[in-house]
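In our numbering, each residue carries its 1-based index in the sequence shown increased by 645.
All residues carry an ideal CB built from backbone N, CA and C; glycine is no exception.
Written below as structure tokens is the structure these notes are about.
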Amino acid sequence: MVQGKRWVHRATRPATISQREKQAIVSACEKFIQDVLKPRYLSEIRPTKWNYTVDIRGAWAGGRYRFIQRFRSGWEQNRGEEFDSPFARLDRIGPDRFDIYWMRHTGKWWPLHANVTLAEALHILEADELLHPV
646 MVQGKRWVHR ATRPATISQR EKQAIVSACE KFIQDVLKPR YLSEIRPTKW
696 NYTVDIRGAW AGGRYRFIQR FRSGWEQNRG EEFDSPFARL DRIGPDRFDI
746 YWMRHTGKWW PLHANVTLAE ALHILEADEL LHPV
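Structure, rendered in structure tokens:
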């Protein structure tokens, strides 16, 4: 059986980011984590018998900035083990333009907001409860 040709959407990667712009993005996101996320969602570490948050941090990789929670296990069989779980991501699509993704419970990234500035993205991260750490 012969298969016909079909059109497929292929996302294009934005032009390479300059080191200066990358550093500005990382600095703004780290300031957001220190000034907004940590005081609001990690004012103190409260150990439980389940997994509990011990840190919130960020990481830049491949034109994307991920917001990550670090969990510590309180379960008896693996008490004290730690693991990372990302909860939100900013994808740079152009100069001062970002798409915002949310990490679903399935482990897949889900697009929520498109083509926003960095300032708008950080405001959305603060206001949209779906993008908050657990």
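Quick check on Gln714: does DSSP put it in helix, strand or coil? Walking along the sequence shown from the start, residue 714 turns up at place 69. In the structure shown, Gln714 sits in a strand (DSSP, three-state: E or B).
Measure the Cβ-Cβ separation of Ala703 and Tyr710 and say whether it is below 7 Å. Taking the sequence shown and counting its residues from 1, one reaches residue 703 at position 58. Taking the sequence shown and counting its residues from 1, one reaches residue 710 at position 65. Inspection of the sequence shows that residue 703 is occupied by Gly rather than by Ala. Result yes, Cβ atoms of Gly703 and Tyr710 sit closer than 7 Å.
Secondary structure of Leu776, DSSP reduced to three states: Position 131 of the sequence shown, counting from 1, holds the residue named residue 776. Leu776 falls in the helix class under three-state DSSP.
When the distance is taken between beta carbons, is Asp741 closer than 7 Å to Leu763? Locating residue 763 in the sequence shown gives position 118, where the first residue counts as 1. Locating residue 741 in the sequence shown gives position 96, where the first residue counts as 1. Contact flag set, yes.
Best match in Gln722, Arg724, Leu757 and Arg734 for proximity to Gln714 [C-alpha to C-alpha]: The residue you call residue 714 lines up with position 69 of the sequence shown. Nearest of Gln722, Arg724, Leu757 and Arg734 to Gln714, Cα basis: Arg734.
Put Ser730 into one of helix, strand or coil per three-state DSSP. Here residue 730 refers to the residue found at position 85 when the sequence shown is read from its first residue. Residue state, collapsed to three classes: strand.
Reference Asp700; option with closest CA among Gly707, Ile678, Ile670 and Leu776: Here residue 700 refers to the residue found at position 55 of the sequence shown. Asp700 has its Cα closest to that of Ile678, out of Gly707, Ile678, Ile670 and Leu776.
Compare the Cα-Cα distances from Gln722 to each of Trp747, Phe732, Ser688 and Trp695 and report the closest residue. Here residue 722 corresponds to residue number 77 of the sequence shown, with the count starting at 1. It is Trp695 whose Cα lies nearest to the Cα of Gln722.
Hey, how far is the Cα of Ile690 from the Cα of Gln648? The residue given as residue 690 occupies position 45 in the sequence shown. The residue given as residue 648 occupies position 3 in the sequence shown. So the two alpha carbons sit approximately 57 Å from each other.
C-alpha distance - Asn760 paired with Glu666, whole-angstrom precision: Translated into the one-based positions of the sequence shown, residue 760 becomes position 115. Translated into the one-based positions of the sequence shown, residue 666 becomes position 21. A straight-line Cα-Cα distance of about 17 Å links Asn760 and Glu666.
Whose CA, out of Thr751, Asp736 and Ser663, lies closest to the CA of Ala780? Since the first residue shown for the chain is 646 and the last is 779, residue 780 is missing from the structure and cannot be characterised.
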